[in-house]
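Trainee: Residue numbers (our numbering), protein chains in the order written: chain A, 1 to 211; chain B, 1001 to 1211.
By construction, the Cβ of each residue, glycine as well, lies at the ideal position given by its N, Cα and C atoms.
Just so it is clear, the structure is predicted and the values come from calculations on it, not from any experiment.
Below is the structure I would like to discuss, written out as structure tokens.
2 protein chains.
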Amino acid sequence: MLFYDESMTEKKYHHGDLKNALIQAGVEVLAQEGLHGLSLRKVAKQAGVSHAAPYAHFADKQALIAAISTEGYKRLYAYLSDVLEIHAADSHRQLIESAWAYVQFAMQEADTFKIMFSGVLEHEKDYPEFVELSQRTFQLVVKTVRACQLAGLLRPLPPELTAVMVWGQVHGIISLTLMGQISHTVLEQYDLRAMLVMTLDQITVKPYEGE
Amino acid sequence: MLFYDESMTEKKYHHGDLKNALIQAGVEVLAQEGLHGLSLRKVAKQAGVSHAAPYAHFADKQALIAAISTEGYKRLYAYLSDVLEIHAADSHRQLIESAWAYVQFAMQEADTFKIMFSGVLEHEKDYPEFVELSQRTFQLVVKTVRACQLAGLLRPLPPELTAVMVWGQVHGIISLTLMGQISHTVLEQYDLRAMLVMTLDQITVKPYEGE
DNA sequence: ACCTGAACACCGTTCAAGT
DNA sequence: ACCTGAACACCGTTCAAGT
């Protein structure tokens, strides 16, 4: 006679929510072993199922990578939303701090960031959840840009265009940094945050007075 | 009696320059099959040697990837040098056209660009040739920035810092574009070159009059 | 519907042996 | 010094079979 039910964590033949368990296991394997060490078989083992089990929930390895990337976007989106809310009163701070949050996310979850933006995921368009999260995140940038334009801080170009420029600027700097492509002499003299502020200062009407 | 010599393409037990042949084969496999399809065994087959032969010249797969990336940097460096020379008389044009050349390189050799900047290469620092090429390329940007500053076109910040910002801007935009992360509505209204010019216009003192 | 185990083709890497 | 062939551990993917 059974005196436990499905809500308990005992292993059952039917896992219950293996799909999400696999995504979580994927995030863990990625964090521990890096992009290089991320294999479907390890993820399956980490989740406690046979190596063929993932195929009941993901078409192939790419689909799992898409799910891990989407999960990464969810965390990035939440992180950016929080920062924007905290500084809701000051659009210039919103711009700086959300950019800084993006950079911090990239550094703290370097492997997640890499898998999201490295091109390892081959046909992003085929994964609607991924596309949606990426678009929602972009809209966060657009919203911030609009606020800055209303405050007279960014020039009145089309907000989507400006958002691409701002995102590109921030994304480029952190990407090159993560690849070790930023000159040693530059990194010695300026920390990343200072570089970010100076970069964003180039496109704003007034310099940032925050620091 | 032999009536051919080593300069002919006959296969010999001692290949002569297998190392470079493998790099070239790697570039071809990468172009044909993409990042996903690049395996040491395919590269060896493409070069006409056994799958173990590469290990006489490369410590492991990473070392071959480093060599392919370095080769990519060489092509990028040559491409940028050419463009800078052609527009030697006009530093604003040098800025715009070298940025555009960077973007075109990334698009025409998307897989090479990806392998160079995707993080697939894990310890770039361990490959001195790669580091050197990346630094030389960066110095090209610094030189261009200096010229623009002399012409009163870029603000007199430290040139290395400005170079990082410019490179980051351009790199970010093309990276996000290659990942399909740029909003559809933006890409419909502006072509990449227009976006690039507008982006660079943000940091220059005067807008670009070239188009 | 969900998972397992065996099977297959492919991969990176090592190593004794050949030229 | 340079390359081969066999071997090993690992991988993605498929599929018949089990619950």
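#1: Quick one: which residues of the segment 16-40 of chain A get their C-beta closer than 7 Å to a C-beta of chain B? List them in chain order.
#2: Mind listing which residues of the segment 86-118 of chain A have their C-beta closer than 7 Å to chain B's C-betas, in chain order?
#3: Relative to the ligand COA, is the shortest distance from any of its heavy atoms to the C-beta of L154(A) smaller than 7 Å?
#4: Straight-line CA distance for V103(A) to A1025(B)?
#5: For A268(A), collect the residues of the same chain with a Cβ closer than 6 Å to its Cβ; drop the 5 residues on either side in sequence, then sort them by chain order.
#6: Quick one: is Q1169(B) buried, meaning 16 or more other Cβ sit within 10 Å of its Cβ, or exposed?
#7: Would you kindly work out how many angstroms separate the C-alpha atoms of D191(A) and H1051(B), rounded to a whole number?
#8: Counting only the same chain and skipping the five closest in sequence on each side, list residues whose C-beta sits under 8 Å from that of L150(A).
#9: Taking Q189(A) as the reference, give the member of L1161(B), I1182(B) and I1203(B) with the closest Cα.
#10: Mind checking the segment 165-194 of chain A against chain B and listing, in chain order, the residues whose C-beta falls within less than 8 Å of any C-beta there?
#11: For R1193(B), which residues in the same chain have their Cβ closer than 7 Å to its Cβ, ignoring the five residues on either side in sequence?
#12: I'd like the list of long-range same chain contacts for I65(A), defined as Cβ closer than 7 Å, with 5 residues on each side in sequence excluded.
#13: With K61(A) as the anchor, note down where its alpha helix (DSSP H) starts and where it stops.
#14: Hey, which unbroken runs of the beta strand (DSSP E) at 3 residues or more fall wholly within the segment 1086-1121 of chain B?
#15: Helix, strand or coil for I1182(B)? Go by DSSP, reduced to three states.
#16: Just the Cα atoms here: how many angstroms apart are Y1127(B) and S1134(B)?
#17: In the structure shown, what three-state DSSP assignment does L1150(B) receive?
#18: I'd like the list of long-range same chain contacts for K1019(B), defined as Cβ closer than 6 Å, with 5 residues on each side in sequence excluded.
#19: So, is the C-beta of S1050(B) closer than 8 Å to a C-beta in chain A?
#20: If you count every other CB in all the chains shown that lies within 10 Å of the CB of T1177(B), and 16 or more means buried, which is it?
#21: Establish whether the CB of S134(A) and some CB of chain B are separated by less than 8 Å.
#22: Should I68(A) and V131(A) be called a contact, given that it needs their Cβ atoms to be closer than 8 Å?
Mentor: Well, looking at it:
#1: L35 and H36: these are the residues of the segment 16-40 of chain A whose beta carbon lies less than 7 Å from some beta carbon of chain B, given in chain order.
#2: Against chain B - using a Cβ distance shorter than 7 Å - the residues of the segment 86-118 of chain A are K114, F117 and S118.
#3: Absence of the ligand COA from the depicted structure is noted, as is the absence of any ligand whatsoever, leaving it without description.
#4: Distance between the alpha carbons of V103(A) and A1025(B) is about 37 Å.
#5: One cannot answer for residue 268(A) here, as it falls past the ends of chain A, which runs 1 to 211.
#6: With 16 or more other Cβ atoms within 10 Å, it is buried.
#7: A straight-line Cα-Cα distance of about 45 Å links D191(A) and H1051(B).
#8: Counting only Cβ-Cβ distances below 8 Å, and skipping sequence neighbours, we find S91.
#9: Looking at the Cα atoms, L1161(B) is the closest of the given residues.
#10: Listed by position along the chain: M165, W167, G168, Q169, V170, H171, G172, I173, S175, L176, L178, M179, G180, Q181, I182, S183, T185, V186, Q189 and Y190.
#11: Contacts found: W1100.
#12: Only I115, V120 and L121 meet the Cβ criterion.
#13: Its alpha helix (DSSP H) spans residues K61 to I86.
#14: With a minimum length of 3 residues, there is no unbroken run of beta strand (DSSP E) contained wholly in the segment 1086-1121 of chain B.
#15: DSSP places I1182(B) in coil when its eight states are reduced to three.
#16: Rounded to whole angstroms, Y1127(B) to S1134(B) spans 11 Å at the Cα level.
#17: Here L1150(B) sits in helix by DSSP.
#18: The residues are H1057.
#19: No, its Cβ sits nowhere closer than 8 Å to a Cβ of chain A.
#20: It counts as buried.
#21: Cβ-Cβ to chain B under 8 Å: yes for S134(A).
#22: Taking a C-beta distance under 8 Å as the contact criterion, I68(A) and V131(A) do not qualify as a contact pair.
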